[in-house]
Amino acid sequence: MKALMSLGALIGVAGLLLLGGMFFDIVPSTTVRLVEGYMPIQLLLEVACYVIGFTGLSYMMNAMGMALPRFWQGIGFWVFLMVYLKYRVYPPIPFSVRAMYGTVGLVTVFMWISANEEDWTKFKQPILNVLDAQTGGKRLLRYLYLVLLPILIGGFSFNAMMPKSEEPIELRTVHPAPPASTKVHGKTYTLQTSQNPYRVNPEGKYDQEFSNANIVEQGMGRLMKPNANPWDDKNQGYLKYVREGGEIFFQNCHFCHGDNLNGRGLHAFAFNPIPANFTDPGTIAQLQETFIFWRVSKGGIGLPNEGFPWASVMPPWEQHLTVDEIWKVVLFEYWHTGYYPRTWD
Amino acid sequence: MGLLVGKRVFSIVALCMMVGLLLLPVVVALPSLAIGEETHAGDAAKKDGDKVEKGRDVYYKTEGIVSGAPAPKTTDGVKDYPRYNFESRVLLWFANQQHLYYGSFVLAVPIFCMIIEFMGVVTKDKALAKRYDQLAYDFIKISLTAYSLTAILGGILIFTFLTLYPAFFSYLSGIFRPVMHIYALMFVAESGTLYIYYYGWDKMKEGFLKWIHLSMSVVLNVIGTLLMFLANSWIGFMMSPAGVDEQGRYLGNIWHVIHTALWNPLNLHRILGNMAFGGGVVAAYAAYKFLASKTDEDRAHYDWMGYIAMALGVAFLIPLPFAGYWLMREVYAYRQQMGITLMGGLLAWLFIIQATMIGILFLSTNYYLWQAMGRMRGAEKYQRYIKYLVFLLACGYMVFITPHTMVMTPAELKAMGGQQHPVLGNYGVMSAKNGGINVIITTTVLSFVWYMRGNKVSTVSWAKFGNIFMGVFFGCAYFNIIFLAVYGYYIPANVRVGLSVPQVATTLSCLFFMFALNSFMMKGAKQMGPIEWGKISARSQYALIMLATAFTWMMGLMGYIRSSVRLFWHVNEIMRDNSPWAYTHTVGFAANMISANVLFFWITILFVFWLGSLTAKKVPVESKAGIPGSVPQPAPSH
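Protein sequence lines correspond, in order, to chains A and B.
When you read off a place in the first sequence, starting at 1, and then add 16, the result is the number in the numbering used here.
When you read off a place in the second sequence, starting at 1, and then add 268, the result is the number in the numbering used here.
See the structure below:
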């Protein structure tokens, strides 16, 4: 047990030093990088390591007779969490989400320090000591709190009420519910049941399994499958349509959506918000192919009411492309990102 | 002897009456169901000179004889939408929500009574059996007062419909005409059964008569459940209409109208939700009484009552997210548009609030259990591991509430470089959220297991192996849940949806298998000390009150979400809402409205509790004799 706790303490100290070093540029801030593709689970594992580290540290300090009071343990951990979220994660997390995490952190720290009577008593003791003010120092502290707390609350209230010159926050619906059907070039498509006519097997029949087997691999590198190179002239059918879709994409779409389909095109940063990142698992991977067909055809101007504030400058591509071209572009986007269109079977 | 025979005859007659009452609506309805189609068809044929008009069912796609008028095309005016100088929808919202709160409560509490009374009957310890019986009686007493209020609120709701939405109500009652009176008769049956059940309590408290009395509670709950199913068919019809053609004309098959695409998932979700809600309310009642208690004896009683109610409520809370998942799956299958509006579009933020509330429920439950371990001697050995459970809960909760589309200022949006955050955005999708909630539920199961073995040491020869096995089982469960959540990003969406099945199976395996194994291990276990009922922290009772408030708030929220997903339709794609209020409220307004409803409910239910306390039945002396400390812990049985 002692060996395990010592190891934990070592992890804790090393982790804190590393984190501090990266914050203050003592070591390069990329010493421990959040690796694309694994970042979400890496983040959780890192926090888990710190929890283990702090447990070990607490155990060792206790064993050495230098126990950190439970009061400061609780507050210290919460402050660590907030600092970690603010400075470790890049790009910066919006305040609203940090506020949510901060509240959860505060609640769970409370649950931890009050889970049993002994811990709760330990936690309350410094507060009660100040309130009781048996010594001169504590009495001074109590008067300080009496003055500082109202000022602090007043300051927060003033700050909250003060008119701001910033643009207001947006609660944007990025993927508004599509209509039941859409009319493009005079033909009506039912979004629930329509299919991409170019997602076909060598027999010319609609076959999602066949196309799924020929998309690029997900994960690092997004490599093409063997014998599934659309730019090989010998390939016909599905892969040929992917190639044609790719040509249309690079003639029309990549200026904004980027040559890696990640929303970082040549003109992307002229827009706010920047164009959709198709490599994000929260965009086309979550949607039916017909949804993309509808959005591409109708563009930003065709967004429904719930798409307020209609922050999309994408043109209605039905005015520039044929129906077949739109379907082929959609086919290419799924092929290139390695995602499968959503289905409901 | 003669008296006993008399009571027995009385009991059997009462039970037969109840069954008769239960069957009455069905008997009355049979002729109308049987001849309804022909009569309507006949009427229609006569009017059209023997020409029968047929229509196609919008959902079942079957052909049927048109037997009703089309859905009215309403216009904004006093004819279709008479109004006070106030938003009619808000008035209806309020009346509906209050009726639903009380309806849920009075449907849930008799199910609790049935379970607790049954536990009392089968328990061998006589003192404990009497306490269970007294507890069941206390529950039904509260329910009785609430029942009258439910009926009053039901009346107010109907008047609100009639006065503010006459065209819509007329259409809906026309469609459901064949079962409207069945519904009313079911109410008669429910009332009659409830009164016989309540007033027959003392007369049927021993032996065979007690079993008859218990059977009555089964009949009572069957009636209550059928009542709820019928009420659910209306909202099911409004969301996913069936049994009518495109113009909304009834096609003569009432079963199609009732059995819509969403009826079954709604039924299951509401049964579980009502039970969890009922448990929460009773637990809050017990917590309030505990905090107000002046004697150790009272504290012990209400501590125990709160624990039982909480355990029953949570037993139904655990499968609730899975039932909700099934409902959402059916919604997507019915209309993709509706599913996206709910979970990815206009109402998505309300789902984040819902996730927050679900998390609060589980966190409160875990916190209560950890506090409850404080009243057991010997449970200290688990206390030092609680921080790891807190960590698991916190991680699961943070992932579960992370929004897919974050609220941010344009400056933050620019700094982030896109709408989706590359790290946290991944927590916003279903795969991660399934992992999050399953981690939370599995941790709750683990807390329960610790609580159940808190003051015991297993004496079975294979105790060491059993402990290791349980540890490995939970470890593997966590690994499996998290692995599937990560793996979900690398497979097609339709396969990913299917991954929820092994995740749920893992969680439920922990629940059932670990509970069973733990019970075996703790059979004849050495007791480190008694459970000292009443010696629990006040914080635990606030956790129970928090649990109940969160249940109430969440019910209000989910009701609003379910209703507003129809957007500008009274009946989805059949009857349009042309009133001036056919828009979706802001999240802030909806939250305030839900809070107002919750506040009103709690004020009125406190009144109901107070009324109940006025007629407080004297607790038999012997039933209190064993408190505190001498009562065997009830935890392992539920």
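Just so you know, even glycine gets a beta-carbon here, dropped at the ideal spot from N, CA and C.
Checklist entry - Under a Cβ-count criterion, where at least 16 other Cβ atoms within 10 Å of its own Cβ denotes burial, should A/Asp95 be classed as buried or exposed? => result The amino acid occupying residue 95 of chain A in the given sequence is Val; Asp does not appear at that position. Burial call: exposed.
Item to check | Residues of the segment 667–687 of chain B whose Cβ lies closer than 9 Å to any Cβ of chain A, in chain order | outcome: Val667, Ile669, Thr670, Pro671, His672, Thr673, Met674, Val675, Met676, Thr677, Pro678, Ala679, Glu680, Leu681, Lys682, Ala683, Met684, Gly685, Gly686 and Gln687
Next on the checklist: Using a 10 Å radius around the Cβ and a threshold of 16 neighbouring Cβ atoms, would you call A/Met177 buried or exposed?
Outcome noted: exposed
Item to check | Within-9 Å CB hit, A/Leu32 to chain B | outcome: no
Next on the checklist: Excluding the 5 residues flanking B/Thr391 on each side, which residues of the same chain have their C-beta closer than 8 Å to its C-beta?
Outcome noted: Ala397 and Tyr400
Checklist entry - With respect to the beta strand (DSSP E) encompassing B/Ile333, which residues constitute its N-terminal and C-terminal limits? => result Glu331 to Ile333
Next on the checklist: Using the three-state DSSP reduction, which class does A/Ser210 fall into: helix, strand or coil?
Outcome noted: coil
Checklist entry - Looking only at DSSP bridge pairs, what is A/Thr198 linked to? => result A/Tyr205
Checklist entry - For B/Glu306, does the count of other Cβ atoms within 10 angstroms reach 16, so buried, or fall short, so exposed? => result Residue confidence is low: B/Glu306 scores 44 on pLDDT, short of 50, so the model does not pin down where it sits. Its coordinate-derived value is still stated next. Its Cβ having fewer than 16 others within 10 Å, B/Glu306 is exposed.
Next on the checklist: Would you call the segment 503–517 of chain B in contact with the segment 343–362 of chain B, where contact means no fewer than 3 C-beta pairs closer than 8 Å?
Outcome noted: no
Item to check | Continuous alpha helix (DSSP H) assignments of at least 4 residues falling wholly in the segment 749–829 of chain B | outcome: 761–777 and 783–789
Item to check | Interface residues of the segment 125–137 of chain A facing chain B [CB-CB below 7 Å] | outcome: Met127, Trp128, Ser130, Ala131, Asn132 and Glu133
Item to check | Where the beta strand (DSSP E) through B/His838 begins and ends | outcome: Trp837 to Val839
Next on the checklist: For B/Gly304 and B/Lys319, what's the separation of their Cα atoms in angstroms?
Outcome noted: For B/Gly304, the pLDDT reaches just 46, beneath the cut-off of 50, and the residue's location in the model is therefore unreliable, leaving the point undetermined.
Checklist entry - What is the residue span of the beta strand (DSSP E) that B/Gly323 lies within? => result Lys322 to Arg324
Checklist entry - Hey, does A/Arg86 have any beta-carbon neighbour from chain B nearer than 9 Å? => result no
Item to check | Cutoff 7 Å; reference B/Leu588; Cβ partners in own chain excluding five residues on either side | outcome: Leu540, Gly541 and Ala544
Item to check | Cβ of A/Ile57 within 9 Å of any chain B Cβ | outcome: yes
Checklist entry - Using a Cβ cut-off of 8 Å, which residues of the segment 187–200 of chain A contact any Cβ in chain B, in chain order? => result Leu187, Arg188, Thr189, Val190, His191, Pro192, Ala193, Pro194, Pro195 and Ala196
Item to check | CB contact below 9 Å: B/Cys663 versus chain A | outcome: yes
Item to check | Rounded straight-line distance, which links the Cα of B/Ala499 to that of B/Gly332 | outcome: 24 Å
Item to check | Own chain partners of B/His807 with C-beta closer than 7 Å, once the 5 adjacent residues on each side are dropped | outcome: Rather than His, the amino acid found at residue 807 of chain B in this sequence is Arg. Cβ within range, chain order: Gln639.
Item to check | DSSP-derived helix/strand/coil call for A/Tyr100 | outcome: helix
Checklist entry - For the candidate residues B/Val334, B/Val740, B/Met507 and B/Ala457, whose alpha-carbon lies nearest to that of B/Met782? => result B/Val740
Item to check | Reference B/Tyr656, options A/Glu225, A/Val125, A/Leu160 and A/Gly281, closest by Cα | outcome: A/Val125
Item to check | Within the segment 653–696 of chain B, ranges of the alpha helix (DSSP H) (whole runs, at least 4 residues) | outcome: 654–669 and 678–684
Next on the checklist: Just verifying my parser: in three-state terms, what is the DSSP assignment at B/Arg844?
Outcome noted: strand
Item to check | Nearest residue (CA-CA) to B/Ser805, options B/Met596, B/Trp837, B/Gly880 and B/Leu559 | outcome: B/Leu559
Checklist entry - From B/Leu585 to A/Phe93, what distance separates their C-alpha atoms? => result 31 Å
Checklist entry - What first and last residue would you give for the alpha helix (DSSP H) that runs through A/Arg311? => result Glu305 to Lys314
Item to check | DSSP state of B/Val599 mapped onto helix, strand, coil | outcome: helix
Item to check | Cα-Cα separation between A/Thr306 and A/Leu347, rounded to whole angstroms | outcome: 11 Å
Checklist entry - Below 9 Å between beta carbons: does that hold for B/Thr413 and B/Val876? => result yes
Next on the checklist: Could you compute how far the alpha carbon of B/Val839 sits from the alpha carbon of A/Asn268?
Outcome noted: 42 Å
Checklist entry - So with Cβ pairs under 9 Å, would you call A/Tyr293 a contact of chain B? => result Note that residue 293 of chain A is Asn in the sequence shown, not Tyr. It does; some Cβ of chain B falls within 9 Å.
Item to check | Cβ of B/Ile799 within 9 Å of any chain A Cβ | outcome: no
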